[in-house]
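Student: In our numbering, the protein residues as written are 1 to 351.
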Ligand code: DAH
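#1: Label residue 306 either buried or exposed according to how many other C-beta atoms from any shown protein chain fall within 10 Å of its C-beta, with 16 as the threshold for buried.
#2: Within the present structure, is the beta-carbon of residue 319 separated from the nearest heavy atom of the ligand DAH by less than 6 Å?
#3: Within the same chain, show all residues whose beta-carbon is closer than 7 Å to that of residue 142, passing over the 5 residues directly before and after it, in chain order.
#4: Cβ of residue 275 versus every heavy atom of the ligand DAH: is any distance shorter than 6 Å?
#5: Just to confirm, are residue 250 and residue 266 a CB contact at a threshold of 7 Å?
#6: Here's a check: name, in chain order, each residue in its chain whose Cβ is nearer than 6 Å to the Cβ of residue 197, leaving out the five neighbours to either side.
#7: For residue 30, collect the residues of the same chain with a Cβ closer than 6 Å to its Cβ; drop the 5 residues on either side in sequence, then sort them by chain order.
#8: Would you identify the three-state DSSP class for residue 300, choosing helix, strand or coil?
#9: As an exercise, report each continuous beta strand (DSSP E) stretch of at least 3 residues that is fully enclosed by the region 205-241, in chain order.
#10: Run the proximity test for residue 176: is its beta-carbon closer than 6 Å to any non-hydrogen atom belonging to the ligand DAH?
#11: Identify which residue in 27, 50, 56, 37 has its Cα closest to the Cα of residue 3.
#12: What are the boundary residues of the beta strand (DSSP E) that residue 318 is part of?
#13: In the structure shown, what three-state DSSP assignment does residue 308 receive?
#14: Hey, residue 126 and residue 308: beta-carbon distance below 7 Å or not?
#15: For the alpha helix (DSSP H) holding residue 262, just list the boundary residues, first then last.
#16: May I have the straight-line CA-CA distance separating residue 194 from residue 128, to the nearest angstrom?
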């Protein structure tokens, strides 16, 4: 090979490099022409020392020039290929589908909200309209109108959070949703069927089944010839729809000033399967009672009916009220009520 041959070699290499379709082809050409061990130009340059002394400078210069031209051509083509790949990726339809997608986080309702919605849905199926009422309430609706006058011992069980006002009436954060029984009856004539979910407040120490801020649901039905049998039927149907057929429920006589007769309803404890004990001993969820009290209920007291102008001889009704968190605990297997409101996403997200 002579200097002319080297130039021709460089010409050919340049043409092939300019036509290289992709980076792999370009790399193969680099190895073929300027590869360190046996690239064509590399080998040609290695021959320099074997030439006659006079021929070496021209040959060596031509060899170096050929190598530089090829290397420059390789750089140029590499840059071209990079920018055309980028252009293709940025063109509509040229997206890189091998890129992992960004994780989509789908939000959902808080378990308490889900429970409220489910309870409302079930009662809606039995004709109960969901309504809401004020969280800050007058003494009259929270107590007086429910047959709990100021000196009544039943007030003790509603460890109350009072609001300071300069009004004649005392104001409080409602300790139950029952005040809405009166508010609804004042506004409507029978038949009445309402379901009232809502936030309630009590000045109480918290434990596995109590919180000072919690939710209740209240039901009220007023019509002609309603009896305790209707109340039991509605609550049985509710429990079965919410928990399925195998949850046991228990009715026991109880006392509430605004219902007569009154009863307490309980579901068998899901954590110990109604036995009161678990492997670690006494069941922590029901405190060993085997039952979880879920609601108070009864026939609306005639005095409450009269107070809102209903005639107890013509209209009767039943009412019930219970804790939403208790239901949510049963539904989600949550052993401690506080887990709902601590808002630890690790727990809530696992439900
Ligand atoms: N309001 C009562 C409570 O918080 C529960 C209750 C009992 C509601 C009897 C009722 C009822 O509607 O009829 O303890």
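Even glycine gets a Cβ: it sits at the ideal position worked out from N, Cα and C. Quick caveat, the model's predicted, so the values are computed rather than measured.
Tutor: Working from what's here:
#1: Locating residue 306 in the chain shown gives position 306, where the first residue counts as 1. The residue is exposed, with fewer than 16 neighbouring Cβ atoms inside 10 Å.
#2: Position 319 of the chain shown holds residue 319. Yes.
#3: Locating residue 142 in the chain shown gives position 142, where the first residue counts as 1. So the qualifying residues of the chain are 172, 174, 175, 179.
#4: In the chain shown, counting from the first residue as 1, residue 275 sits at position 275. Checking the Cβ of residue 275 against the ligand DAH gives no.
#5: Within the chain shown, numbered from 1, the residue matching residue 250 stands at position 250. Within the chain shown, numbered from 1, the residue matching residue 266 stands at position 266. Going by C-beta atoms, residue 250 is nearer than 7 Å to residue 266.
#6: The residue given as residue 197 occupies position 197 in the chain shown. Closer than 6 Å at Cβ, skipping near neighbours: 116, 217.
#7: On the chain shown, position 30 is the one that residue 30 refers to. Contacts found: 74.
#8: In the chain shown, the residue the question calls residue 300 occupies position 300. In this structure, residue 300 counts as strand in the three-state DSSP scheme.
#9: 213-223
#10: Indexing the chain shown from 1 puts residue 176 at position 176. Result yes, Cβ under 6 Å from the ligand DAH.
#11: Locating residue 3 in the chain shown gives position 3, counting from the first residue. Measuring from the Cα of residue 3, the nearest candidate turns out to be 56.
#12: Here residue 318 is taken as the residue at index 318 of the chain shown, counted from 1. Counting along the chain, the beta strand (DSSP E) containing residue 318 begins and ends at 316-323.
#13: For the purposes of this step, residue 308 is identified with residue 308 of the chain shown, where counting begins at 1. If DSSP states are grouped into helix, strand and coil, residue 308 belongs with coil.
#14: Taking the first residue of the chain shown as position 1, residue 126 is located at position 126. Taking the first residue of the chain shown as position 1, residue 308 is located at position 308. No, the Cβ-Cβ distance between residue 126 and residue 308 is not below 7 Å.
#15: By 1-based counting over the chain shown, the position of residue 262 is 262. Here residue 262 belongs to no alpha helix (DSSP H); instead the beta strand (DSSP E) covers 259-268.
#16: Here the question's residue 194 lines up with position 194 in the chain shown. Here the question's residue 128 lines up with position 128 in the chain shown. So the two alpha carbons sit approximately 5 Å from each other.
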